[in-house]
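Asker: Counting from 1 along the sequence shown, just add 2 to a position and that's the residue number in our numbering. All residues carry an ideal CB built from backbone N, CA and C; glycine is no exception.
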Amino acid sequence: MKTQAPVINVKPYLNDKEKDAEKDTSTQPKKAAAPQNQLEGERIQKVLARGGIGSRREVERWLTEERLQLNGEVAKLGDRLKSGDVLFLNNRILKWEKFIVQPTRVLIYHKPTGEVVTRNDPENRKTIFTRLPKMNGSRWIAVGRLDINTQGLLLVTNNGELANRLMHPSSEIDREYAVRILGEVSAENIAQLKKGVQLEDGLAHFDDIQFNGGEGANSWYHVTVKEGRNRLVRRLWEALEFQVSRLMRVRYGPIFLPDGLSAGQSYELESKELDDLLSFVDLPPERFAQSSKSRQHQKTMPTAKKSSKQSDRQRAGRSEIPSKRKQANSDRSGFDKSNKRPTRNRTR
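This is the structure in structure tokens:
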């Protein structure tokens with residue numbers, strides 16, 4: 003028997019009652035002190051992953067390679083960090099204590115074409131990190147990448163463990179793209195793209211393909227993949243000699259690109275949304291009160307009902323292009339944790 007799918011309930015603008023309730027919750031002294039108490043005695047890899055220094059697996063490898071020193075001695079797997087400990091990585095001191103005071107933050111960034119997902123670009127192209135809010139004592143980590151010619155949803159966070167779980171292949175999290183194709187796509191083409199196409203770096207396929215309308219020689223499709231290989235969506239279509247004229251990521255796991263969020267703008271998840279995302283990847287809820295930092299770029303996220311199998315079949319017949327997608331008459335966005343696929347109703 004399947005459990006009820008968890009729900010991300012987006013409320014970017016709170017009414018007075020909700021603000022009072024949130025304020026009361028954030029002022030409880032026990033919850034405010036919990037993160038620091040919990041950090042004492044935490045494993046090195048967990049602390050450094052939280053700070054974005056590296057994923058847990060990377061830090062574990064560094065430990066086996068004896069690249070970390072704890073209090074003057076070579077650190078080992080299983081060592082824990084406590085208040086007052088001194089930690090070095092490659093003979094450089096790490097100020098790991100700052101990782102205990104940073105609440106988890108997650109942004110939905112609408113990446114425009116022409117920007118790259120890197121901090122320092124040798125070709126001096128625009129990078130996404132120049133558009134993001136500044137943070138003290140932490141840094142933004144991109145959850146995966148989008149190439150320079152692809153726009154759409156990009157998640158960024160300051161929580162390295164969250165980023166790692168969202169990206170790791172074992173998570174098998176859906177990435178959904180709206181793609182405009184030049185040329186007539188046959189049923190045989192669709193079947194082959196679902197079955198698998200041999201690329202230079204191995205076999206790849208779309209987990210789902212849905213026709214989404216179009217005029218003339220251009221057709222829109224929504225495609226879903228569960229891995230983040232470089233330019234995978236483009237390469238799959240190009241392997242069958244189709245030209246991709248536009249590509250936009252519209253969903254990552256349970257998170258949708260908000261309608262009305264312009265390219266170059268970002269939306270920050272609030273407390274309930276953040277806790278639901280953490281739960282989605284089996285991480286504990288955030289104990290810090292949600293920060294009320296810069297909200298001028300926030301927009302309301304698109305929402306949809308939890309749907310039945312019948313409504314999922316109806317989705318296959320949708321005809322609107324991505325820029326004119328209609329939203330269901332609901333204020334809830336649901337996803338099924340058992341298969342990492344959201345369930346949606348759409349009006350037509």
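Which residue comes first and which comes last in the beta strand (DSSP E) that contains residue 270?
Answerer: Stepping through the sequence shown from its first residue, residue 270 is reached at position 268. Residue 270 -> beta strand (DSSP E) spans 268-270.
Asker: Comparing C-alpha positions only, which one of 213, 273, 51 and 93 sits nearest to residue 68?
Answerer: Against the sequence shown, residue 68 aligns to sequence position 66. Here the closest residue by C-alpha is 93.
Asker: Could you tell me the boundaries of the alpha helix (DSSP H) in which residue 166 lies?
Answerer: Position 164 of the sequence shown, counting from 1, holds the residue named residue 166. Its alpha helix (DSSP H) spans residues 162-169.
Asker: Please classify residue 52 as buried or exposed, where buried requires at least 16 neighbouring CB atoms within 10 angstroms.
Answerer: The residue you call residue 52 lines up with position 50 of the sequence shown. With 16 or more Cβ atoms within 10 Å of its Cβ, residue 52 is classed as buried.
Asker: Strictly by DSSP, which residues pair up with residue 180?
Answerer: Residue mapping note: residue 180 aligns to position 178 of the sequence shown, counting from 1. Looking at the DSSP assignment, residue 180 forms a beta bridge with 224 and 250.
Asker: Does the distance from the C-beta atom of residue 91 to that of residue 81 stay below 8 Å?
Answerer: Working through the sequence shown from its first residue, we reach residue 91 at position 89. Working through the sequence shown from its first residue, we reach residue 81 at position 79. No, the Cβ-Cβ distance between residue 91 and residue 81 is not below 8 Å.
Asker: Locate the beta strand (DSSP E) running through residue 90, then write down its first and last residues.
Answerer: Position 88 of the sequence shown holds residue 90. First-last of the beta strand (DSSP E) with residue 90: 89-91.
Asker: Whole angstroms is fine: what's the gap from residue 257's alpha carbon to residue 186's?
Answerer: Position 255 of the sequence shown holds residue 257. Position 184 of the sequence shown holds residue 186. Spanning the two alpha carbons is a distance of roughly 31 Å.
Asker: In the DSSP assignment, find the unbroken alpha helix (DSSP H) run with residue 282 in it and report its ends.
Answerer: Stepping through the sequence shown from its first residue, residue 282 is reached at position 280. First-last of the alpha helix (DSSP H) with residue 282: 273-282.
Asker: So if DSSP puts residue 144 in a beta bridge, which residue, or which two residues, is it bridged to?
Answerer: The count along the sequence shown starts at 1 and reaches residue 144 at position 142. BP columns for residue 144 point to 158.
Asker: Among 117, 181 and 224, which one has its Cα closest to the Cα of residue 245?
Answerer: Counted from its first residue, the sequence shown places residue 245 at position 243. Comparing Cα positions, the closest option is 181.
Asker: Looking at the structure shown, is residue 150 part of a helix, part of a strand, or coil, going by DSSP?
Answerer: Position 148 of the sequence shown, counting from 1, holds the residue named residue 150. If DSSP states are grouped into helix, strand and coil, residue 150 belongs with coil.
Asker: According to DSSP, simplified to helix, strand and coil, what is residue 134?
Answerer: Locating residue 134 in the sequence shown gives position 132, counting from the first residue. Residue 134 falls in the coil class under three-state DSSP.
Asker: Tell me whether residue 109 sits in a helix, a strand or coil according to DSSP, three-state version.
Answerer: Residue 109 sits at position 107 when you count from the first residue of the sequence shown. In this structure, residue 109 counts as strand in the three-state DSSP scheme.
Asker: Determine the DSSP secondary structure at residue 78, reduced to helix, strand or coil.
Answerer: Within the sequence shown, the letter at position 76 stands for residue 78. The answer is coil: DSSP assigns residue 78 none of H, G, I, E or B.
Asker: By Cβ distance, which residues of its chain are closer than 6 Å to residue 118, with the 5 residues on each side in sequence left out?
Answerer: The residue given as residue 118 occupies position 116 in the sequence shown. Excluding positions up to five away in sequence, the list reads 127, 129 and 150.
Asker: How long is the line joining the alpha carbons of residue 207 and residue 49, rounded to whole angstroms?
Answerer: Against the sequence shown, residue 207 aligns to sequence position 205. Against the sequence shown, residue 49 aligns to sequence position 47. Approximately 36 Å between the Cα atoms of the pair.
Asker: Could you tell me the boundaries of the beta strand (DSSP E) in which residue 212 lies?
Answerer: If you number the sequence shown from 1, residue 212 lands on position 210. Unbroken beta strand (DSSP E) run through residue 212: 210-213.
Asker: In the DSSP assignment, the beta strand (DSSP E) including residue 95 goes from what residue to what residue?
Answerer: On the sequence shown, residue 95 is found 93 positions in, with the first residue counted as 1. Run containing residue 95: 94-96, per the beta strand (DSSP E) assignment.
Asker: When burial is assigned at 16 or more other CB atoms within 10 Å of the CB, is residue 247 buried or exposed?
Answerer: Counting from 1 along the sequence shown, the entry for residue 247 is found at position 245. Label assigned to residue 247: exposed.
Asker: Considering only residues of the same chain and omitting the five flanking positions on each side of residue 88, which have a CB-CB separation below 6 Å?
Answerer: For the purposes of this step, residue 88 is taken as the residue at position 86 of the sequence shown. So the qualifying residues of the chain are 73.
Asker: If I measure Cβ to Cβ from residue 115 and keep anything under 6 Å in the same chain, skipping five residues before and after, which residues do I get?
Answerer: Walking along the sequence shown from the start, residue 115 turns up at place 113. Within the same chain, residue 115 has close Cβ partners 151 and 153.
Asker: Kindly list the residues whose CB is nearer than 7 Å to the CB of residue 241, restricted to its own chain and excluding five residues on each side of it in sequence; keep chain order.
Answerer: Here residue 241 corresponds to residue number 239 of the sequence shown, with the count starting at 1. Taken in chain order, the residues that qualify are 199 and 201.
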